[in-house]
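Before any comments, here is the structure.
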Amino acid sequence: GAIQEFKIAISLNPNTQASAGYFDNLGRTYLTIGYPVLAEDCFINAIKLNPMNLSYRQHLADTYRRMGKAVLNGKLEEYLKSKNPLDSVMVGLLYIEKGDTSAGIIKLDEFCITQSNLILAEGVKSYLKTITPKRHENL
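My numbering puts the first residue of the sequence shown at 24, with every later residue one more than the last.
As structure tokens, this is what we get:
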């Protein structure tokens, strides 16, 4: 039922930022029931409609991990070749999904430094705080 409701909501306003949330919800529903291939397009559409939302990119990276190692590695290579600076966020997230957290953190950190004026950078900084070890106060 939820799938149909999200599809109806998207069809009413398919090219608005509000629909990005519906696409994301639809994608997460597909992931929940075990259909990552169907979820992929949903998250891609959500990112197109609202490119500054980090969670949509996180959900897409998770989707690629769920699609298997070959897909994850292939998408990582694809994003590494991209000239779009926003795609470096996907590179960082894909490294993390692949298990190479250090490389992911470095890539995300680089994005925050080079694109510090973007709203997306604020989301990335907040995310980095949740995955990086806390430094000891007395050192």
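Built from N, CA and C at the ideal position, the CB exists for glycine as well.
query, result
"Comparing alpha-carbon positions, which option in Lys130, Lys98 and Lys121 lies nearest Pro108?", "Lys130"
"Taking just the CA atoms, how far does Glu101 sit from Leu77?", "19 Å"
"Considering only residues of the same chain and omitting the five flanking positions on each side of Ala62, which have a CB-CB separation below 6 Å?", "Gly50, Tyr53, Leu54 and Thr86"
"In terms of alpha-carbon separation, which member of Arg88, Ala41 and Arg80 lies closest to Tyr58?", "Arg88"
"Please state whether the Cβ-Cβ distance between Ile136 and Met75 is less than 8 Å.", "no"
"Excluding sequence positions up to five away, which residues of its chain have a Cβ less than 7 Å from the Cβ of Ala25?", "Thr52"
"On the criterion of 16 or more Cβ atoms from any shown chain inside 10 Å, does Ser34 qualify as buried, or is it exposed?", "exposed"
"Quick one: residues in its chain with C-beta nearer than 7 Å to the C-beta of Val147, no 5 flanking neighbours on either side, listed in chain order?", "Leu77, Val112, Leu131, Phe134 and Cys135"
"Using the rule of at least 16 other Cβ atoms within 10 Å of the residue's Cβ for burial, across every protein chain shown, is Ala41 buried or exposed?", "exposed"
"When burial is assigned at 16 or more other CB atoms within 10 Å of the CB, is Asn68 buried or exposed?", "buried"
"How big is the Cα-Cα spacing for Gly241 and Leu83?", "Residue numbering for the chain in the displayed model covers 24 to 162; residue 241 lies beyond these limits and cannot be assessed."
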